[in-house]
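Chemist: Take the sequence shown: its letter number 298 is residue 298 in the UniProt record's numbering, and every next letter is one higher.
Even glycine gets a Cβ: it sits at the ideal position worked out from N, Cα and C.
Owing to the predicted nature of the structure, the values given are computational and were not obtained by experimental measurement.
Attaching a single structure in structure tokens format; questions to follow.
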Amino acid sequence: METCDVAIVGGGPAGSACAWKLRRAGLDVVVLDKARFPRDKVCAGWITPPIIESLSLDVDDYLRGGPPDGSLPGPAGHAAPTEPDGGRHGRRVFQPFTAFVTGLIGGPEVCTTYDRPVSFGIRRCEFDAYLLIRSGARLRLGEPLVSLRAEPDGWCLNECLRTPLLVGAGGHFCPVARQLAQVDPQRDEPVVLAQEVEFPLPIALRDHFPVSGARPELFFCPDLAGYGWIVRKGDYLNIGLGREHERNLSTHLEQFLAFLRARGKLTVEIPQPFRGHAYKLRRYVAPVRVPDRVLLIGDAAGLAYPQSGEGIRPAIESGLLAAETILEARGHYASSLWQRFQQRCQRRFGEGSSRTAWLPEGWKPWVAGKLLATEWFSRHVLLDRWFLHRHQPALH
1 METCDVAIVG
11 GGPAGSACAW
21 KLRRAGLDVV
31 VLDKARFPRD
41 KVCAGWITPP
51 IIESLSLDVD
61 DYLRGGPPDG
71 SLPGPAGHAA
81 PTEPDGGRHG
91 RRVFQPFTAF
101 VTGLIGGPEV
111 CTTYDRPVSF
121 GIRRCEFDAY
131 LLIRSGARLR
141 LGEPLVSLRA
151 EPDGWCLNEC
161 LRTPLLVGAG
171 GHFCPVARQL
181 AQVDPQRDEP
191 VVLAQEVEFP
201 LPIALRDHFP
211 VSGARPELFF
221 CPDLAGYGWI
231 VRKGDYLNIG
241 LGREHERNLS
251 THLEQFLAFL
261 RARGKLTVEI
271 PQPFRGHAYK
281 LRRYVAPVRV
291 PDRVLLIGDA
301 AGLAYPQSGE
311 GIRPAIESGL
321 LAAETILEAR
331 GHYASSLWQR
341 FQQRCQRRFG
351 EGSSRTAWLP
361 EGWKPWVAGK
371 LLATEWFSRH
381 VLLDRWFLHR
391 HQPALH
């Protein structure tokens, strides 16, 4: 029977950030994930400067490709993930964004520019694998959580791994959350469904493709229930659309693609099918109850930003906050551990609310059209507060 100090189920940014901080403090950490990395993830794929600062990311090292410099060695026995082609043979994608185009689908466009990069486009297959290797944790990849059994002093996973503390970081469908979390039946959390595709642009189009790599484009649905995006990251193009509680997502996606083609933004055939994903938007910082010796982080706890649906930054920050809570406990994982973690999340994230909660339902289309067409609202509210969170400093 294998043992560890902390077992993390889920190797995405939340799990790898938590593992990285715990390993830096000397704890023995195992990360379990049903996927083999690198793996694709439905996501527009960008990070803001505070993420780089909070994780102490060496951008030059990230750009070089290959395994991370200075990654902490985990105990032998489990292989690290292989890198995608960008990581093995060349530079990883790290596209500076210095402007955004925004508007309503079918409406006027507003271009907001900045004097320095406010975000960076990444490929999740590269970024997630890099963070996971860099964490220094022992990795059990391609291994789903099949069984979970409570013991007097912790948990037994898959009848082969014992741990005093379990962290669920497996996203919206996290098996730890699904088995152990007790959800308040009075809660009403919106679930976003998204479809996305990412593919390399044909070589012949790369020098004159109409969408600039420095300028992602975001277009909201007229009812404000979601938005679509077209984002160029180096030689790759990412297109997608997400909506709350949407049963006809494919119809909205086709309408969005038709809009992009009509505007001359999509001049290439999409070479592969769109892929789907789901996640919860944060409206409550303490949404669930869990047993002793369990924490939930990232999308497993429903922490995506309610206004933009972004999950990377709250996932990483919740992983770091969880690690801080664990280290402070010094091995005493009593029932107050979850409450202390939730208090940290409350201080960091505050209460969630949707971007249109303050609007009467019938006003949404009219107000959306007026506000999204203004440069002031697009810069100071839509981008700076809802998407980039420039008012919130990096987590240290």
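Would you give the residue range spanned by the alpha helix (DSSP H) that residue 373 belongs to?
Modeler: First-last for residue 373: undefined, no H or E at that position.
Chemist: Compare the beta carbon distance of residue 176 and residue 9 with 9 angstroms and say whether it is the shorter of the two.
Modeler: Cβ distance < 9 angstroms, so residue 176 and residue 9 count as in contact.
Chemist: How is the beta strand (DSSP E) around residue 240 delimited, first residue to last?
Modeler: 236-244 is the span of the beta strand (DSSP E), which, as asked, contains residue 240.
Chemist: Determine, using beta carbons only, whether residue 141 and residue 158 come nearer to each other than 9 angstroms.
Modeler: It is not a contact, given that the beta carbons lie outside the stated cut-off.
Chemist: Going by the beta-carbon positions, is the gap between residue 48 and residue 118 smaller than 9 angstroms?
Modeler: Yes, the Cβ-Cβ distance between residue 48 and residue 118 is below 9 angstroms.
Chemist: Among the residues of its own chain, which have a CB less than 8 angstroms from the CB of residue 75, if the five just before and after it don't count?
Modeler: With a pLDDT of only 44 at residue 75, under the threshold of 50, the placement of this residue in the model should not be trusted, and no figure is reported.
Chemist: State yes or no: is the beta carbon of residue 13 nearer than 9 angstroms to at least one beta carbon in chain C?
Modeler: Here there is only one protein chain, and chain C is not present.
Chemist: List the endpoints of the continuous alpha helix (DSSP H) containing residue 233.
Modeler: Element bounds for residue 233: not the alpha helix (DSSP H) but the beta strand (DSSP E), 226-233.
Chemist: Where does residue 172 sit, in a helix, a strand or coil, going by DSSP?
Modeler: DSSP places residue 172 in helix when its eight states are reduced to three.
Chemist: Considering only residues of the stretch 182-223, which uninterrupted beta strand (DSSP E) runs meet the minimum length of 3 residues and lie entirely inside it, listed in chain order?
Modeler: Taking only runs of at least 3 residues, the beta strand (DSSP E) segments lying wholly in the stretch 182-223 are 191-200 and 217-220.
Chemist: For residue 376, count the other beta carbons within 10 Å of its own beta carbon; 16 or more makes it buried, fewer makes it exposed. Which is it?
Modeler: Counting Cβ neighbours within 10 Å, residue 376 comes out exposed, since fewer than 16 surround it.
Chemist: Put residue 137 into one of helix, strand or coil per three-state DSSP.
Modeler: Coil, per DSSP.
Chemist: Reducing DSSP to helix, strand and coil, say where residue 146 ends up.
Modeler: Of the three classes helix, strand and coil, the one that applies to residue 146 here is coil, per DSSP.
Chemist: Name the one or two DSSP bridge partners that residue 296 has.
Modeler: According to DSSP, which records beta bridges pairwise, residue 296 is partnered with 168.
Chemist: Which value, in whole angstroms, describes the spacing of the CA atoms of residue 218 and residue 133?
Modeler: Cα-Cα distance, rounded: 32 angstroms.
Chemist: Could you give the residue range of the alpha helix (DSSP H) that holds residue 254?
Modeler: Here the alpha helix (DSSP H) through residue 254 covers 249-262.
Chemist: Short of 6 angstroms in beta carbon distance, which residues of its chain neighbour residue 149, apart from the five on each side in sequence? Order them along the chain.
Modeler: Same-chain partners within the cutoff: 156.
Chemist: Return the CA-CA distance between residue 123 and residue 58, expressed in angstroms with no decimal places.
Modeler: Their Cα atoms are separated by approximately 17 angstroms.
Chemist: Between residue 275 and residue 39, what straight-line distance do the alpha-carbon atoms span, to the nearest angstrom?
Modeler: Their Cα atoms are separated by approximately 13 angstroms.
Chemist: Using three-state DSSP, classify residue 43 as helix, strand or coil.
Modeler: If DSSP states are grouped into helix, strand and coil, residue 43 belongs with coil.
Chemist: So is residue 250 buried or exposed if we call it buried at 16+ other beta carbons inside 10 Å?
Modeler: Residue 250 should be labelled exposed.
Chemist: On the premise that residue 382 lies in contact with residue 349, defined as a C-beta separation below 8 angstroms, what is that separation, rounded to the nearest angstrom?
Modeler: So it is not a contact: roughly 19 angstroms between Cβ atoms.
Chemist: Is it the case that the Cβ atoms of residue 196 and residue 277 are separated by a distance below 9 angstroms?
Modeler: Result yes, Cβ atoms of residue 196 and residue 277 sit closer than 9 angstroms.
Chemist: What do you get for residue 203, buried or exposed, if any count of 16 or more other CB atoms within 10 angstroms of its CB means buried?
Modeler: Burial call: exposed.
Chemist: Would you give the residue range spanned by the alpha helix (DSSP H) that residue 386 belongs to?
Modeler: Counting along the chain, residue 386 falls outside any alpha helix (DSSP H), and DSSP gives it neither H nor E.
Chemist: Between the stretch 249-263 and the stretch 290-304, do at least 3 Cβ pairs fall closer than 8 angstroms?
Modeler: Touching, no, given that fewer than three Cβ pairs across the two stretches are closer than 8 angstroms.
Chemist: Going by Cα to Cα distance, which pick from 238, 161, 112 and 114 is closest to residue 3?
Modeler: When each option's Cα is compared against that of residue 3, the closest is 161.
Chemist: Under a three-way DSSP split, which group does residue 119 fall into?
Modeler: Strand.
Chemist: How far does the beta strand (DSSP E) with residue 99 in it extend, from its first residue to its last?
Modeler: That run of the beta strand (DSSP E) goes 99-104.
Chemist: Of all the options 223, 209, 214 and 192, which has the alpha carbon lying nearest to the alpha carbon of residue 240?
Modeler: That would be 192, whose Cα lies nearest to the Cα of residue 240.
Chemist: So residue 131 and residue 17 are in contact, right, with Cβ under 8 angstroms, and what is the actual spacing, rounded?
Modeler: Sure, about 7 angstroms apart at Cβ, within 8 angstroms.
Chemist: Can you tell me the Cβ-Cβ gap for residue 247 and residue 221, rounded? I've got them flagged as a contact below 8 angstroms.
Modeler: Between residue 221 and residue 247 the Cβ distance is about 14 angstroms, and since that is not below 8 angstroms, they are no contact.
Chemist: Taking only the alpha-carbon atoms, compute the straight-line gap between residue 230 and residue 254 and give it to the nearest angstrom.
Modeler: Using only the alpha carbons, I get a separation of about 14 angstroms.
Chemist: Between the C-alpha atoms of residue 234 and residue 329, what's the straight-line distance to the nearest angstrom?
Modeler: When rounded, the distance between both Cα atoms is 44 angstroms.
Chemist: Below 9 angstroms between beta carbons: does that hold for residue 109 and residue 396?
Modeler: Not a contact, by the Cβ cut-off of 9 angstroms.
Chemist: Less than 9 angstroms separating the beta-carbons of residue 95 and residue 120?
Modeler: Yes, the Cβ-Cβ distance between residue 95 and residue 120 is below 9 angstroms.
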